[in-house]
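The structure appears right after this line, and notes come after that.
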Amino acid sequence: MRLPPSRAPGPGNKFETRMHVPKVFLTRRLPGSVMARLAVETDLALLPEDRAPTKAEILAGLSGREVLFCNITDRVDAEILSSPGLRVVANFGVGFNHIDVAAASARRIPVINTPGALTEATADLAFALLLATARRLGEGERLVRSGRWRGWEPLQLLGADVSGTTLGLVGFGRIGRAMADRARAFGMRLVYWNRTRLSPAEEAACDARYLPRDELLANSDFVSLHIAYTSDTHHLIDARALSLMRPHAILVNTARGAVVDEAALVIALRERRIGGAGLDVFEQEPLLAPGLAGLENCVVVPHLGSATSGTRARMGHMALDDLLAVCAGRKPKHCVNPAALE
Ligand code: DGY
C-alpha cells in the first residue's frame, strides 16, 4: 500500500522545489500520531498486512525507497543495506543488534535509533518483573484463574522480601540508573557493574557501590541486566555466572535474551540453584528455551519493556524527526554510527 504524500511534487505545490519528501519503506504500523505524520511528511510505502515482513518483502519494499523504517524484529543485513538508493535506516527502538551496523557504515548509511524514549517504561517493567517474581504473582494468578484457590492461608505462596535487600545492576547506563531510582524508593541497597566505572562523585550521587561482576553476582539478592547485546555480552550470564548467584537470588532480564544462556537458566531454575527469574526477552523470540514455560519460579512476558502508548509514540516521533533531519541534510539527534554522516 502506498500512502500519497500530501506534499507530493506537482503543479502549484509550493513545496515542489523547496521540500524533499523522503521515500520511506515502513516495516510495521506504528502508533496513530506517528502514522499521521508519516502520511503527511513522507512518501510512505508499507505492506498491506501488518505483520513482520520476510526478507524478500523488505528487499522488494525498498525498491525506489531511500529510507528503511524498521524495528527490532527485522534482520537488517548487508544484502538489505545494499538496496540501491538506500540512504537511512531508522530503527523504531534503542537496541540495534539486529542491524549490521558495520555494513551500514561501509555504505555510509546512518542508522538512527531511539535512546532515552523508553528508559522509564523499560525500568518500570524491569521493576515490575522484580516484584512479580519476588512475590510469585504469576503463580498466584494461575491459582486464582484455575478455580483451585480455596482462600487465604498462612503459608500460601510465600515470596521474597524486597525492601532491605541488595539489587545488583549489570550495566549502569540510562535504564540501569532508572532502575536504581525505583529500587532506592523501595529501600534496596545498590551495587553495580559497568564496563566503565563511574566517578566517586557519581557513585555517591546514585548511592551505588561498584563491584566486579562476579562479586556482584555473589552478593546480590536480585540481579537486573541493563546492557546492550554484543558479541562481548553474548551469554554473559552463563552456567558459571548463574552458579555464582545466591540460591534465593532472582534474575531480571529486560535487555536482550541472548545476554543469558537460556538453556543454562532453565537448569538453574529447575534445580533451584537460583530463586527465580523475571524475563521480558528471550534468545529466540518468540520461542522459549525448552522447559522454561513450565517452570513456576519464573515470570515471562512478551518483550513489553517499551510497550506503553506514550513511549511507543515518543519512539516513533523521535525516529521520524531524525530520519527527516538526515533526508534534509541536517544532523540527526541519535545516530549509532555518526561517522556515516561525515
Ligand atoms: C528496544 O527498543 O530495543 C526494545 O527492546 C524494544 O522497544
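If you're matching positions, the sequence shown starts at 1 in the working numbering and goes up one per residue. Yeah, the Cβ is synthetic: ideal placement off N, Cα and C, and Gly gets one too.
A residue is called buried when at least 16 other Cβ atoms come within 10 angstroms of its Cβ; M19 does not meet this threshold and is exposed.
Take L242, set aside five residues on each side of it, and the residues of its chain with a beta-carbon closer than 7 Å to its own are A264, L265, A268, R273 and I274, in chain order. Taking 8 Å as the cut-off, one finds at least one heavy atom of the ligand DGY near enough to the beta carbon of T114. Cα atoms of R136 and V299: separation of roughly 8 Å, rounded to the nearest angstrom.
In chain order, the residues positioned with their C-beta nearer than 6 Å to some heavy atom of the ligand DGY are I72, G93, V94, G95, L118, G305 and S306.
Going by DSSP, F69 is part of no alpha helix (DSSP H) but of the beta strand (DSSP E) stretching over V67 to N71. Per DSSP, the continuous beta strand (DSSP E) segment holding A277 begins and ends at G276 to L279.
Three or more Cβ pairs closer than 8 Å define a contact, and the stretch 327-339 falls short of that threshold against the stretch 165-178. Annotated three-state conformation of A90 is strand, per DSSP. Taken through DSSP and simplified to helix, strand or coil, L190 comes out as strand.
In the structure shown, the three-state DSSP call for F127 is helix.
Secondary structure remark: continuous alpha helix (DSSP H) runs of at least 4 residues inside the stretch 138-219, in chain order: 174-185, 200-206 and 213-219. Residue pairing by DSSP places K55 opposite no residue, since no beta bridge is assigned to it.
Under the DSSP assignment, D322 falls in the alpha helix (DSSP H) whose first and last residues are S309 to C327. In the DSSP assignment, N253 is bridged to L225 and L279. The beta-carbon separation of T254 and L129, rounded to 7 Å, stays under the 8 Å limit for a contact. Nearest in C-alpha terms to G291, of all of H303, E271, D77 and G95, is E271. By the neighbour-count criterion, in which a residue is buried when 16 or more other Cβ atoms sit within 10 angstroms of its Cβ, K23 is buried.
Per DSSP, V101 is one residue of the alpha helix (DSSP H) stretching across V101 to A106. For I112, the pairing in a beta bridge is given by DSSP as A90 and C335.
One Cα belongs to G140, the other to E66, and the distance between them is close to 50 Å. Between the stretch 219-239 and the stretch 174-181, the count of Cβ pairs shorter than 8 Å is three or higher; the stretches touch.
A straight line joining the alpha-carbon of A239 with that of I72 spans about 27 Å. Following the DSSP letters along the chain, one finds V266 in no beta strand (DSSP E) but inside the alpha helix (DSSP H) bounded by residues E262 to R270. The shortest CA-to-CA distance from H234 to any of H248, A218, V252 and R256 is the one to R256.
Scanning G116, L118, I99 and P115 for the CA closest to the CA of I109 turns up I99. Spanning the alpha carbons of A106 and A134 requires a straight line of approximately 46 Å. Proximity of the stretch 314-327 to the stretch 80-94 meets the contact definition, three or more beta-carbon pairs being nearer than 8 Å. For S243, the enclosing alpha helix (DSSP H) has its first and last residue at A239 to L244.
Take the alpha-carbon of S146 and the one of V223: they are about 31 Å apart.
Of the candidates A39, G64, E342 and C70, C70 places its Cα closest to the Cα of P53.
Secondary structure note for V300: its beta strand (DSSP E) is the uninterrupted segment C298 to V300.
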